[in-house]
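Novice: Just dropping this structure here.
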Amino acid sequence: MSKDNDWYMVQIWLDTNERSQAWLSRRLEVHQVSINRWKRAGKIPTNSKLAICYITGQSYEQLFN
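Each residue of the sequence shown is one higher than the one before, starting from 158 at the first, in my numbering.
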């Protein structure tokens, strides 16, 4: 995976913790299509990155650096 792919570490976290994209969309209160777009593009909006850090309990650096 590319170093510029924001989704890569999020997917690893989801797999490790046996969580689905549907779980993530419910927790973030965004549509599942948005999650799929982020995955395909490899880009996640900054405000959503911060929310993902909050709900996963991981630091920004762990997931996105």
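Note that CB positions come from ideal geometry on N, CA and C, so glycine has one too.
All of these numbers come straight from a predicted model, not from anything done at the bench.
Using the Cα positions of residue 192 and residue 221, report the straight-line distance between them to the nearest angstrom.
Specialist: So the alpha carbons of these two residues sit roughly 16 Å apart.
Novice: Return the Cβ separation of residue 170 and residue 199 in integer angstroms, given the expectation that the two are a contact with Cβ distance under 8 Å.
Specialist: About 15 Å separates the two Cβ atoms, so there is no contact after all.
Novice: Are the CB atoms of residue 185 and residue 208 nearer to each other than 7 Å?
Specialist: Yes, Cβ-Cβ distance for residue 185 and residue 208 is below 7 Å.
Novice: Going along the chain, which residues of its own chain have a beta-carbon closer than 6 Å to the beta-carbon of residue 162, five neighbours each way excluded?
Specialist: Only 199 meet the Cβ criterion.
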